[in-house]
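Numbering (my numbering), first residue to last: -4 to 337.
To keep things clear, I will list the structure first and then write my remarks on it.
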């Protein structure tokens, strides 16, 4: 039992110098960041939608999907702000299976993380250039953040990572909103403790440095359902669940309280077709309660070009190789209905 050192990993500065973000795209991202912050600060009354494939496994398919989102964004821009979901790391419950583009830039070949880091940055830059929409990614590994932090407008911390100290402290230094999911156990206090940690200043070790962070006031909650001791999925998007979380959230007196509802995972029982119904139920709950209307500001949705999922060797363009997703037609219909309900 041992480590085999395969190859050195280039530092973030080297990768960012090799694959730079052009100045005009920096301005596009900064403008989008201001719009997203304005939602959290209650300066504008828009809803936001983090939407895209379960995992970004193919640059051409992802960029085509995001470009389609840009057209849809023009249709609903007065009510909804779309943040493309470009997830380049994939958590695996057992540690086996496809771990995302950062591990395998080509799912048909062996892992190569150096090539993967270059591939994910290239894809994010291209998607932003072609669509004008800066993206969201999941921070599965805090050490990867510097390779993409100038490109991302939203970051999520997953249910298995939300209790991890390094994730919480890294969030505290981010300049963009960071969503903390409730853990798979469903314990809301864990999520709220993570938000508290992310909103405060810390001194810690980060990428070979002793750093001090300012705290991230836009750290917030994502509800994704839970799994009980028998392995059953337990949703937490129903009205009573949302109201209970909102009241406990407000009692903490945290900055810019925001709830995002993940319409898939344990909330849908992993039935991806349920996502539009769940989203519309959440919108009905917002209409019924002023407190929920104020706190629930967004949804997360898994969607791609082609409905469902496939095995890696099936090679259907724009179809997920991890969890199944809504197809494009269903996605466009849902987003239009969602805009009418905001």
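No residue lacks a Cβ here, since even glycine has one placed at the ideal position from N, Cα and C.
{"Query": "Give the C-beta separation of residue 130 and residue 79 to the nearest angstrom, bearing in mind that I take them to be a contact with Cβ-Cβ under 8 Å.", "Result": "4 Å"}
{"Query": "Any idea what DSSP makes of residue 188, helix, strand or coil?", "Result": "helix"}
{"Query": "Would you say residue 178 and residue 158 are within 8 Å of each other, going by their C-beta atoms?", "Result": "yes"}
{"Query": "Could you tell me which residues DSSP puts in a beta bridge with residue 205?", "Result": "200"}
{"Query": "Under the DSSP definition of a beta bridge, which residues are partnered with residue 35?", "Result": "Partner(s): none; residue 35 has no beta bridge."}
{"Query": "State the DSSP-derived secondary structure class of residue 61, mapped to helix, strand or coil.", "Result": "helix"}
{"Query": "Considering just the uninterrupted stretch of the alpha helix (DSSP H) at residue 329, what are its terminal residues?", "Result": "323 to 336"}
{"Query": "Return yes when the Cβ of residue 84 is within less than 8 Å of the Cβ of residue 97, no when it is not.", "Result": "yes"}
{"Query": "Kindly indicate which residue of 101, 180, 187, 181 has the alpha-carbon position closest to the one of residue 174.", "Result": "187"}
{"Query": "Give me the Cα-Cα distance between residue 215 and residue 44, rounded to the nearest whole angstrom.", "Result": "15 Å"}
{"Query": "Could you round the C-beta distance between residue 93 and residue 132 to whole angstroms and report it? I think they count as a contact, below 8 Å.", "Result": "The pair is not a contact, with the Cβ atoms about 16 Å apart (cut-off 8 Å)."}
{"Query": "What span of residues does the alpha helix (DSSP H) with residue 162 cover, start to end?", "Result": "160 to 166"}
{"Query": "Use the C-beta contact count for residue 266: other C-beta atoms within 10 angstroms, 16 or more gives buried, fewer gives exposed.", "Result": "exposed"}
{"Query": "CA-CA distance, residue 68 and residue 140?", "Result": "27 Å"}
{"Query": "Taking the continuous alpha helix (DSSP H) assigned at residue 276, which residues delimit it?", "Result": "270 to 283"}
{"Query": "Alpha carbon to alpha carbon, what distance is there between residue 298 and residue 272?", "Result": "14 Å"}
{"Query": "Roughly how far, in whole angstroms, is the beta-carbon of residue 218 from the beta-carbon of residue 232, given that I think they are within contact range, below 8 Å?", "Result": "6 Å"}
{"Query": "Which complete beta strand (DSSP E) runs does the stretch 64 to 143 hold, if anything under 3 residues is left out?", "Result": "75 to 79, 130 to 133"}
{"Query": "On a CA-only basis, which of 30, 100, 114, 52 is nearest residue 73? Give me that one, please.", "Result": "30"}
{"Query": "Near residue 301, which residues of its chain fall below 7 Å by C-beta distance, leaving aside the five closest residues on each side in sequence?", "Result": "311, 313, 314, 322"}
{"Query": "Taking just the CA atoms, how far does residue 109 sit from residue 2?", "Result": "8 Å"}
{"Query": "Tell me, which residues are paired with residue 406 by DSSP?", "Result": "Not covered by the structure: residue 406. The range shown for the chain is -4 to 337."}
{"Query": "Would a C-beta distance cut-off of 8 Å place residue 123 and residue 20 closer than the cut-off?", "Result": "yes"}
{"Query": "Pull up the distance between the alpha-carbon of residue 47 and that of residue 329, whole angstroms please.", "Result": "13 Å"}
{"Query": "Taking contact to mean at least 3 C-beta pairs separated by less than 8 Å, is the stretch 147 to 154 in contact with the stretch 195 to 210?", "Result": "no"}
{"Query": "Grab the span of the alpha helix (DSSP H) containing residue 244 for me, first residue to last.", "Result": "234 to 246"}
{"Query": "Between the Cα of residue 102 and the Cα atoms of 331, 250, 51, 334, which residue gives the shortest distance?", "Result": "51"}
{"Query": "Have a look at residue 26 and residue 63 and give me their C-alpha separation to the nearest angstrom.", "Result": "20 Å"}
{"Query": "With DSSP as the reference, label residue 173 as helix, strand or coil.", "Result": "strand"}
{"Query": "Where residue 209 and residue 76 are concerned, what is the direct C-alpha to C-alpha distance, given to the nearest angstrom?", "Result": "27 Å"}
{"Query": "Alpha carbon to alpha carbon, how far is residue 332 from residue 326? Give it in angstroms, no decimals.", "Result": "10 Å"}
{"Query": "I'd like to check one pair, residue 181 with residue 229: are the Cβ atoms closer than 8 Å?", "Result": "yes"}
{"Query": "Determine the direct distance from the alpha carbon of residue 36 to that of residue 306, and round the result to whole angstroms.", "Result": "43 Å"}
{"Query": "Count the other CB atoms within 10 Å of the CB of residue 99; is the residue buried (16 or more) or exposed (fewer)?", "Result": "buried"}
{"Query": "Pull up the CB-CB distance for residue 290 and residue 253, whole angstroms please, since I reckon it's below 8 Å.", "Result": "6 Å"}
{"Query": "Classify residue 293 as helix, strand or coil using the three-state DSSP reduction.", "Result": "strand"}
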